[in-house]
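Under my numbering, the letters of the sequence shown match residues -7 to 179, in that order.
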Amino acid sequence: LKDKDYDVRWSVVFELSKLRDERAVAPFIEALCSDSFTTCHEAATDLSRFGDEKLKSMYELVDSGPPNAKIWAAFSLSFGGWDNYGVNALLEGLNNPDPQLRRIATESLGRFKEDARVVEPLIATLQDENPRVRAEAAMGISFMEEDERIIDALIAALKDDDAKVRCNVIETLDYYKNERAAEPLIE
């Protein structure tokens, strides 16, 4: 994991994920602090496959790790349905200057559909300056219980300049099957 070559680091993460050995948790946690987006993403995704042995380390990272690693740890926790421990780190991640990390935070927040703190920030993220973040927000919102704020925000987002955002908004509106969406979709 400390090799200077990106491809080697990625290969190590990929192979360690196959082992599902408790000893692999520590290297994965370390990989979450990498400067490589793909290495962090792969490590966070693969950590989600481990059980309780990862939780203490993940909680520590969410509480006191570097800002980017906090987002990755919370991302990993979001896959397992463990609890809402990482929600605050993800909410903070929506303000990260890196659009890729804002997108990861947005994607993860959608998995915490029972947490009322998530709805308004996801709606606000439909206005993010980065179209990939906005597109992810449209998909993340689809996990939330339907309410008028969500439908209003999605209908407004149908006018987004980015085609991927509009497509994701349409998919989410289709999921909700709210009759109010018919007229704006026809227009």
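The C-beta atom is built at its ideal place from N, Cα and C for all residues, glycine as well.
The structure presented is a predicted model; accordingly, all values stated were derived computationally and were not measured.
Residue i versus the options, residue with shortest Cα-Cα distance
i    : options                   : result
E128 : E138, D139, A116 and L177 : A116
L118 : V157, K10 and I21         : V157
L69  : L86, P91, E99 and N88     : E99
R109 : V125, N88, R126 and E84   : E84
N80  : L53, A149 and D90         : L53
I142 : G102, E179 and A97        : G102
N76  : E106, G57 and P89         : E106
N122 : P89, I147 and A148        : P89
C25  : L11, N160 and R1          : R1
G78  : P91, L47, Q92 and N87     : L47
I133 : V125, V111 and D38        : V111
E138 : L93, K62 and D166         : D166
L82  : I63, P91 and P59          : I63
L93  : F104, R124, F71 and P113  : R124
Under the three-state DSSP convention, the category residue i falls into
i     : result
K62   : helix
K(-4) : coil
D27   : coil
D13   : coil
K151  : coil
E179  : coil
P89   : coil
M136  : coil
K105  : coil
Y77   : coil
E7    : helix
R180  : The structure shown does not extend to residue 180, since the chain spans only -7 to 179, so no value can be given for it.
For residue j and residue i, believed in contact at Cβ under 8 angstroms, the rounded distance
i    : j   : result
F135 : I96 : About 15 angstroms separates the two Cβ atoms, so there is no contact after all.
M50  : A65 : 5 angstroms
C32  : A23 : 7 angstroms
Proximity test, residue i beta-carbon vs the ligand NAP heavy atom, cut-off 7 angstroms
i   : result
N87 : Absent from the structure shown: the ligand NAP. Ligands present: none.
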